[in-house]
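**Q**
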Amino acid sequence: MSTDFPRSAAALAAGLASGDYSSVELTRHYLERIARLDGGLNSFVTVCEDSALAQAAEADAARAAGNAGPLTGIPYANKDIFCTRGVRTSCASRMLDKFIAPYDAHVVERLHAAGLVMLGKTNMDEFAMGSSNESSFYGAVRNPWDRERVPGGSSGGSAAAVAAGLAPLATGTDTGGSIRQPAALCGISGLKPTYGRVSRYGMVAFASSLDQGGPMALDARDLALMLNVMAGFDSRDSTSIDRADEDYTRMLDSPLTGLRIGLPREYFGAELDTRIGDLIHRAVAVLKARGAVTREISLPNAALAIPAYYVIAPAECSANLSRYDGVRFGHRCNDPSDLDDLYSRSRGEAFGAEVKRRILVGTYALSSGYYDAYYRKAQQVRRLIKNDFVSAFDEVDVIIGPTTPGVAFHAGQNIEDPVTMYLSDVYTTAANLAGLPAMSLPAGLVDELPVGMHFIGNYFDEARLLGLGHAYQQDTDWHRQTPPGVY
Amino acid sequence: MEWEVVIGLEVHAQLATASKMFSGASTAYGAAPNTQACAVDLGLPGVLPVVNARAVEMAVIFGLAVEAEIAPRSVFARKNYFYPDLPKGYQISQYEDPIVSRGRLTIDIDGTQRDIEITRAHLEEDAGKSIHGVLPGVSGIDLNRAGTPLLEIVSEPVMHSAREAVAYMRELHRLVRYLGICDGNMQEGSFRCDANVSVRPKGSQTLGTRTEIKNLNSFRFVEHAIEHEIERQIDVLEDGGKIHQETRLYDPDKDETRTMRTKEDAHDYRYFPDPDLLPVEVDEAFVARIAARLPELPRAKQARYCIDLGLTTEDASALVQDPQTSQWFETAVSAGPAEPRLLANWISGELFGALNKGGVGIADAPIRPHDLNQLVTRIANGVISGKIAKQVFQAMWNGEGTPDDIIESKGLQQVSDTSLIDSAVAEVIAEFPDQAEQYRDGKEKILAFLVGQVMKRTKGKANPAMVNEAIRKAI
Amino acid sequence: MSIKAEDVRAMARLARLEIAEPDIPVYADQLSRILDFVAQMNVIDTAGVEPLAHPLDLVARLRPDQVTESDQRENLQAGAPSTADGLYLVPQVIE
Chain A
144 MSTDFPRSAA ALAAGLASGD YSSVELTRHY LERIARLDGG LNSFVTVCED
194 SALAQAAEAD AARAAGNAGP LTGIPYANKD IFCTRGVRTS CASRMLDKFI
244 APYDAHVVER LHAAGLVMLG KTNMDEFAMG SSNESSFYGA VRNPWDRERV
294 PGGSSGGSAA AVAAGLAPLA TGTDTGGSIR QPAALCGISG LKPTYGRVSR
344 YGMVAFASSL DQGGPMALDA RDLALMLNVM AGFDSRDSTS IDRADEDYTR
394 MLDSPLTGLR IGLPREYFGA ELDTRIGDLI HRAVAVLKAR GAVTREISLP
444 NAALAIPAYY VIAPAECSAN LSRYDGVRFG HRCNDPSDLD DLYSRSRGEA
494 FGAEVKRRIL VGTYALSSGY YDAYYRKAQQ VRRLIKNDFV SAFDEVDVII
544 GPTTPGVAFH AGQNIEDPVT MYLSDVYTTA ANLAGLPAMS LPAGLVDELP
594 VGMHFIGNYF DEARLLGLGH AYQQDTDWHR QTPPGVY
Chain B
921 MEWEVVIGLE VHAQLATASK MFSGASTAYG AAPNTQACAV DLGLPGVLPV
971 VNARAVEMAV IFGLAVEAEI APRSVFARKN YFYPDLPKGY QISQYEDPIV
1021 SRGRLTIDID GTQRDIEITR AHLEEDAGKS IHGVLPGVSG IDLNRAGTPL
1071 LEIVSEPVMH SAREAVAYMR ELHRLVRYLG ICDGNMQEGS FRCDANVSVR
1121 PKGSQTLGTR TEIKNLNSFR FVEHAIEHEI ERQIDVLEDG GKIHQETRLY
1171 DPDKDETRTM RTKEDAHDYR YFPDPDLLPV EVDEAFVARI AARLPELPRA
1221 KQARYCIDLG LTTEDASALV QDPQTSQWFE TAVSAGPAEP RLLANWISGE
1271 LFGALNKGGV GIADAPIRPH DLNQLVTRIA NGVISGKIAK QVFQAMWNGE
1321 GTPDDIIESK GLQQVSDTSL IDSAVAEVIA EFPDQAEQYR DGKEKILAFL
1371 VGQVMKRTKG KANPAMVNEA IRKAI
Chain C
-18 MSIKAEDVRA MARLARLEIA EPDIPVYADQ LSRILDFVAQ MNVIDTAGVE
32 PLAHPLDLVA RLRPDQVTES DQRENLQAGA PSTADGLYLV PQVIE
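Residue numbers (the numbering used here), protein chains in the order written: chain A, 144 to 630; chain B, 921 to 1395; chain C, -18 to 76.
1) Taking A61 of chain C as the query, report the chain A residues whose CB atoms sit under 7 Å from its CB, ordered along the chain.
2) Could you tell me the boundaries of the beta strand (DSSP E) in which R97 of chain A lies?
3) Beta-carbon of P1007 of chain B versus every beta-carbon of chain A: anything under 9 Å?
4) Check the DSSP bridge columns for C1113 of chain B and list the partner residues they point to.
5) To which residues of the same chain is D1291 of chain B closer than 8 Å at the C-beta, ignoring the five residues directly before and after it?
6) My understanding is that R418 of chain A touches S441 of chain A, with C-beta atoms under 8 Å, so please give their C-beta distance in whole angstroms.
7) Assuming I1163 of chain B is part of the alpha helix (DSSP H), what are its boundary residues?
8) Since V284 of chain A and G300 of chain A are thought to touch, with beta carbons under 8 Å apart, how far apart are those beta carbons, to the nearest angstrom?
9) Output, in chain order, the set of chain A residues within a Cβ distance shorter than 9 Å of L37 of chain C.
10) Could you tell me the alpha carbon to alpha carbon distance between D1030 of chain B and T1232 of chain B, rounded to whole angstroms?
11) Can you pull the chain A residues whose beta carbon is under 9 Å from the beta carbon of I1061 of chain B, in chain order?
12) Please classify K1376 of chain B: does DSSP put it in a helix, a strand, or coil?
13) What are the boundary residues of the alpha helix (DSSP H) that includes A204 of chain A?
14) Residue range of the beta strand (DSSP E) that T1177 of chain B falls in?
15) Indicate whether at least one CB of chain B lies closer than 9 Å to the CB of D52 of chain C.
16) Go ahead and label N954 of chain B buried or exposed: buried means 16 or more other beta carbons lie within 10 angstroms of its beta carbon, across all protein chains shown.
17) Looking only at C-alpha atoms, which of B:V1374, B:V1345 and B:L1070 sits nearest to A1394 of chain B?
18) In whole angstroms, what separates the C-alpha of I331 of chain A from that of N286 of chain A?
19) Jot down the residue ranges of each uninterrupted alpha helix (DSSP H) in the stretch 545 to 597 of chain A, minimum 4 residues, whole runs only, in chain order.
20) Using the rule of at least 16 other Cβ atoms within 10 Å of the residue's Cβ for burial, across every protein chain shown, is R340 of chain A buried or exposed?
21) Given this structure, state the Cα-to-Cα distance separating F532 of chain A from V1086 of chain B, to the nearest angstrom.
22) Rounded to the nearest angstrom, how far is the Cβ of Y1170 of chain B from that of F1141 of chain B, given a contact under 8 Å?
23) Are at least three pairs of beta-carbons, each pair with one atom in the stretch 1369 to 1383 of chain B and one in the stretch 435 to 454 of chain A, less than 8 Å apart?
24) So, at 6 Å on beta carbons, what are the nonlocal neighbours of S297 of chain A in its own chain, with the 5 sequence-adjacent residues on each side left out?
25) Three-state secondary structure (DSSP) at M369 of chain A?
26) Going by alpha carbons, who is nearest to E1328 of chain B out of B:Y1225, B:A985 and B:K1381?
27) May I have the straight-line CA-CA distance separating M261 of chain A from G469 of chain A, to the nearest angstrom?
28) Could you give the first and the last residue of the continuous beta strand (DSSP E) run that contains G405 of chain A?
29) Within the continuous beta strand (DSSP E) that includes L309 of chain A, where are the two ends?
30) Between which two residues does the alpha helix (DSSP H) harbouring K529 of chain A extend?
31) Using a Cβ-Cβ cut-off of 9 Å, state whether G1100 of chain B counts as contacting chain F.
32) Bridge partners for W923 of chain B per DSSP, in chain order?
33) May I have the straight-line CA-CA distance separating T1251 of chain B from E1076 of chain B, to the nearest angstrom?
34) Have a look at L1367 of chain B and A1145 of chain B and give me their C-alpha separation to the nearest angstrom.
35) Identify the contact partners of R379 of chain A in chain B, using a Cβ-Cβ distance below 7 Å as the criterion.
36) Please return the same chain residues whose Cβ sits closer than 6 Å to the Cβ of L422 of chain A, not counting the five positions on each side in sequence.
Listed below in structure tokens is the structure:
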């Protein structure tokens, strides 16, 4: 029954509300697409056919009883970093290949309570470490726009699934750009909220002070609808912000007159593909036509974001991953001869190369004699980067630039050279370091590959970002472009 | 060669909270393995810690009681190492910014008072337990204890003998129990001590290499272990050897310390602030509220007993050995007109004796404070003699009722009727003329015999003072 | 910044990560390059700058001291590699 379903969640919700189709039909539609198309993409680790259909039936019943919310009955794909009770939660690692989570992440509880239907768990870079989704235990994810290229990472599976129409919505997590960069490379929309908006309870930790869960979808309106469900205070997460609930759709139709846009000169430097630069400027022109004003700003310490990130994130992850020791859950080696053997061999067998690299770097950065030079130094740089933004937001309301310096690169191109791989995050990591909300929207094509436009907002200013994005998407149709061969 | 000993103690006190330091699992002792280890305690993927308010409060209570500085802002840090009883592969502790610092504890040693400086006290979570030999070559891990709040109390290295160290430990043990922040149950592991010991030639300004002796869970073990270690170190140095910085375990069966089989390399704990937790802030108002609710501390209590209530130092000191005892005493004092000094005598004498014999703690004593007050009052009023009172006490202990009930039912009222006494005295003098003659001749000691005879005639109930007087008059 | 094989072994030991001997030089080289890269931070003088541990300057929220978790051993131990009588089993811990 795979006829003309609309593609955005908002449109699908309207269809459900009008009774054009049921959630069960809709879910079957996506399950069928996954079965047909995912072989060439590898975006799913686990497909939950039975439970999805059961959840869809529940959603239809709730609707019949008059209890439907804005996203009741809408299917979504869940990054395999969120604990899902009774369902494998692998983080794309051999370490958790057989781990069935005994509890639901807070975000998952919220999505379930709002009536969304979980199609399955999406592929990702192992333990969220990567920018190309090539480090997964379950194999690389392919970019639907060009199967020889990477979708970006670490939320590559979620991005590819949404781009290929295998799910209208997906969850992602973003530590240095892991929602926004794959969204850009796959031509979809993605948002990293302000740090603390979305609970991290049940979201397997990579770098605790940087990680944030967020929505991935086809447009800004859908991002807002999904953020409404995902965001909110959770007493089980000490870093969760206790603020009154917000409606993130409230500024979708706000006018842009007088909105001050800052364009950091550091983001339009030599490493940026000039064609991407042109697309960004053209996108900015669309916003100016609606009344926004622009000025050049400076983020003087922008170039230090990646070095600081690649000390802080590995340091935190080196400790966060110590719990994977083969004792209480996860992979255990065969016939350990003693405790040390149990630990070293279980971890050695079950972690991939990138994870091991980051654990080693992190261990080094924290070790005796190096703490001040690396970890403490990086935290100081972090404060300078934050200060740059605080100053900038005195003068502007939103900061805009490209999401990535280039389009999707070829699979295998950067996998041997970690530093080159790390540079794909050059524009995105600063927002994680400062804890600011940031969003990527499709802004064009170069060589028939998607280009993303990056928006950074002030703390807690997601609604304004989404409104700006929605306005842009009224006047452009990059977000409606689809990869070849999926429809 | 004369040697000087330098000792510092690290005490881990389990805080008496209902739930864990960072999770809502119970801290109750004795549950079946891993039935009180929730997802957070197990360190499952995705779980997060949330700070227990009461534990923070208890740390502040301790800090105030030892006149320490309370940090307005303190930070939790991860202490990283691998051990099976440490589920996350790190312990959440405090490192650079502890909640309490620079306090002191006054102890009594060799008849003088001395202040022992406390460097710091910080909050951290306890580890689980390893049970060895569950199967051959296999250990079993129980994580019920993992996550229990601990207050680690670190003294300056300013103690110079095992006895001094034990005096400090005892004082600290008593204090935390008086504060209600720790039950001090060493058998259950609520109060554990590690000792850092080094020696140096007398007069030397540099510290010798120290060793750490771990997990000493009784005062006796602490004393023996430290003494043994001091001897061992002196022997090694006098033989020309060197002390290696290491951790040692005390073996109570052999009364010796031995090297712990630790890893070859010293631990590099790679401390850094825990990114899952935010700094703990305590403001002045919070600290003031806690200060206002601090209970009376044992040393102050002891002084008050002596100065205000007239107790001897010995009795006062016995009564403040633990909060249950002083509470019992104070209840007894406020229950009636009996003199506190006399109540104190009875408690430290008869009551303690009975408790020891019965193997029972004062909280479980079958005698109520109110009843002891009544007993002592009856003696003071002359209703019964001191000797009869002991009989009554025994009957009270056996559950035969209140002092008045027992005196009534057994007819133990002291006889103070002068005519009755005089007649009894007359009968005794008539029955024992030789002894009466001896007394007249100046043999004072025979008075006791005569008094005894009168007491026998009156079934012990005659008022002894009056009997004495009556005999002197009659003779 | 040159990371040698023995540095890799030392870090791998601290992190309890078994790394095959042939891979050690590869990691040494990659780690050297990463650490050279992050050394860029040294171009800037950060004397007197307060380290930023959390993006938002917040303080700890404290939880009331209540028991909120019940016995969930069966559920939480379901996937454990090796247990007996409710205990997690490991090779003998020697002290």
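Glycine residues also receive a C-beta, built at the ideal position from the N, C-alpha and C atoms.
**A** This is what the structure gives:
1) R471 and F472
2) Summary: the structure shown does not reach residue 97 of chain A, with chain A confined to residues 144 through 630, and so no result is reported for it.
3) yes
4) B:V931 and B:L1136
5) M1316, T1322 and P1323
6) Actually they do not touch by this definition, with Cβ atoms about 24 Å apart.
7) Taken as a continuous stretch (DSSP letters only), I1163 of chain B belongs to no alpha helix (DSSP H), as it is neither H nor E.
8) 5 Å
9) T337, Y338, G339, T382, I384, G578 and Y602
10) 19 Å
11) V470 and R471
12) helix
13) E192 to A207
14) E1176 to T1179
15) yes
16) buried
17) B:V1345
18) 12 Å
19) 561 to 565 and 572 to 577
20) buried
21) 57 Å
22) 6 Å
23) no
24) M267, D268, A271, G273 and S321
25) helix
26) B:K1381
27) 29 Å
28) R403 to P407
29) That residue, L309 of chain A, is in no beta strand (DSSP E); it is neither H nor E in DSSP.
30) K520 to E538
31) In the displayed structure, chain F is absent; the protein chains listed are A, B and C.
32) B:P1121
33) 38 Å
34) 56 Å
35) L968 and V970
36) A586, G587 and V594
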